[in-house]
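Sequence positions in the sequence shown follow the numbering used here and run 4 to 110. Even for Gly, the Cβ is constructed at its ideal location relative to N, Cα and C. Everything numeric in this text was worked out from a predicted model, so none of it was measured. Below: the structure, in structure tokens.
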Amino acid sequence: QALRAVKMFRLVRLLRLARLKSMVQKMEDRMDSEVIVLVFALMKLLVVMLLGAHWVGCLWWAVGYASLTSPEGSWIVESRLTGSEVSIGQQYIHAMFYAVSVLATMY
């Protein structure tokens with residue numbers, strides 16, 4: 004029962020995403036100024052890049068978290084991001100910094 008409810012919730016979220024795409028298309032169609040269209044396209048690109056960086060940052064954090072018990076160590080421990088004095092925000096910013104660095108410079 005719970006699994007079915009989770010699947011239905013995901014389906015509803017997916018439908019919202021499809022509706023969002025049509026809303027964005029309608030907004031683009033109503034724009035008269037070429038400058039506004041370009042700014043809107045730039046904003047869409049920025050959102051996609053930030054979303055990609057978020058996913059890469061979360062993946063990078065998952066890799067570090069999975070290797071916490073590894074004999075080689077983890078980047079999370081080496082960066083001193085464990086313990087109660089480190090907030091989840093600091094951890095997220097650190098992972099996002101890595102993701103943006105990789106996406107921007109392919110370092």
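Cβ neighbours of residue 77 within its own chain (closer than 8 Å, five residues either side excluded): 67, 68, 70 and 71. By the Cβ criterion, the stretch 89-99 is in contact with the stretch 53-66, since at least three pairs of Cβ atoms, one from each stretch, lie closer than 8 Å. Where residue 46 is concerned, the enclosing alpha helix (DSSP H) starts and stops at 37-69. Here residue 6 carries a helix assignment [DSSP, helix/strand/coil]. Distance from the CA atom of residue 108 to the CA atom of residue 90, rounded to whole angstroms, is 27 Å.
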